[in-house]
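Contents: one structure, followed by commentary.
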């Protein structure tokens, strides 16, 4: 099995070449002042039909949301999204989603995009 976090995918369905390394993101969120996040995240995109098995300790529900309904879906969520996802949604996700047909052209694997506020 592949992935021990939120979602597990049977590893026989995937090969490293199936992924596109789209970006590296430097991210920081102070959280509650005691616990926070400061991390370098690698954004990988996979365009492939796979069987997934959500980790019930991490994921309460999953659903497919088409691109043309995603903004409305986010606006009407009953629960907040993570600060990291807010950044991706606000700054990058729509562009990536609209350009799935040319990911190799828009990928910036060598660049680190910083979302760390200057203190």
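In the numbering used here, the protein residues as written are 539 to 657.
Every residue, glycine too, gets a C-beta built ideally from N, C-alpha and C.
query                                                                                  : result
Cβ-Cβ distance between residue 565 and residue 635 below 8 Å                           : no
Beta strand (DSSP E) segments (min. 3 residues) lying fully within the segment 573-614 : 575-584 and 590-592
Residue interval of the beta strand (DSSP E) (run including residue 566)               : 557-567
CB of residue 578 within 8 Å of CB of residue 557, strictly                            : no
From 642, 647 and 625, residue whose alpha carbon lies closest to that of residue 655  : 625
Limits of the unbroken beta strand (DSSP E) element including residue 651              : 650-653
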